Amino acid sequence: MAFRFTALALAAALVSAPAFAAPAADGMSTTVRFGDLDLASGAGAATLHTRIVSAARAVCGGEVDQRDLTAVTSAASCRQVAMASAEPQIQLALNAAHTGRQLAANDVKVSARGF
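All letters in the sequence shown, in the order written, are residues -21 to -1, 1 to 94 by mature numbering (1 follows the signal peptide of the UniProt record, and there is no 0).
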């Protein structure tokens, strides 16, 4: 039950991330490491989520002028693409943590490629 709640909370948080970044013109990506986290715990999953949000902001270029609606909209789209690129990897890592399986890699790639 706790696993399902954690997974649902993380998925909801990923979808509802606020927009503060500009799109990456060259389709950048970055790697988020999580080998130091206990993803079977709510705190570990929350820390991973925070790292993914920060990575999406970085990949999409940082903060934009909130008065520029086009830039804000573009930044939000970029961040959604970046967050979505990480979602399958996050789910795999969370499932592995809750079943005791070990993954070959302890990282998630966050990418805005194709944006």
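All C-beta atoms, glycine included, are put in the ideal place defined by N, C-alpha and C. Note that the coordinates shown come from a computational prediction; the quantities given were computed from them, not determined experimentally.
Beta strand (DSSP E) runs wholly inside the region 44 to 92, at least 3 long, in chain order: For the region 44 to 92, the full-length beta strand (DSSP E) segments reaching 3 residues or more read 86 to 90 along the chain.
Straight-line Cα distance separating Ser20 from Asn74: 12 Å
Backbone secondary structure at Ser33 - three-state DSSP: Assigned with DSSP and collapsed to three states, Ser33 falls in helix.
Three-state class that DSSP yields for Ala(-1) in the structure shown: In this prediction, Ala(-1) scores a pLDDT of 37, lower than 50, which makes its location untrustworthy; the coordinate-derived value is nonetheless stated afterwards. Ala(-1): coil per DSSP, three-state reduction.
Buried or exposed (CB count within 10 angstroms, at least 16 for buried), Leu48: exposed
According to DSSP, residues forming a beta bridge with Ser20: Per DSSP, none; premise fails for Ser20.
7 Å CB neighbourhood of Val89 in its chain, flanking five on each side removed: Exclusion of the five residues before and after Val89 leaves Ser8, Thr9, Val11, Ile31, Ala34, Ala35, Val38, Ala61, Ser64, Ala65 as the residues of its chain whose Cβ lies within less than 7 Å of its Cβ.
Beta-carbon contacts of Ala(-3) that lie in its chain and below 7 Å, excluding the five residues immediately before and after: Legend: pLDDT at Ala(-3) = 34, less than 50; position of this residue unreliable, no value from coordinates given.
Neighbourhood of Asp44 by C-beta, 7 Å cutoff - its chain only, sequence neighbours within 5 removed: Ala50
Sheet register partners of Val11 (DSSP bridge): Val87
Leu18 versus Gln81 - alpha carbon distance: Between the C-alpha atoms of Leu18 and Gln81 there is a straight-line separation of about 11 Å.
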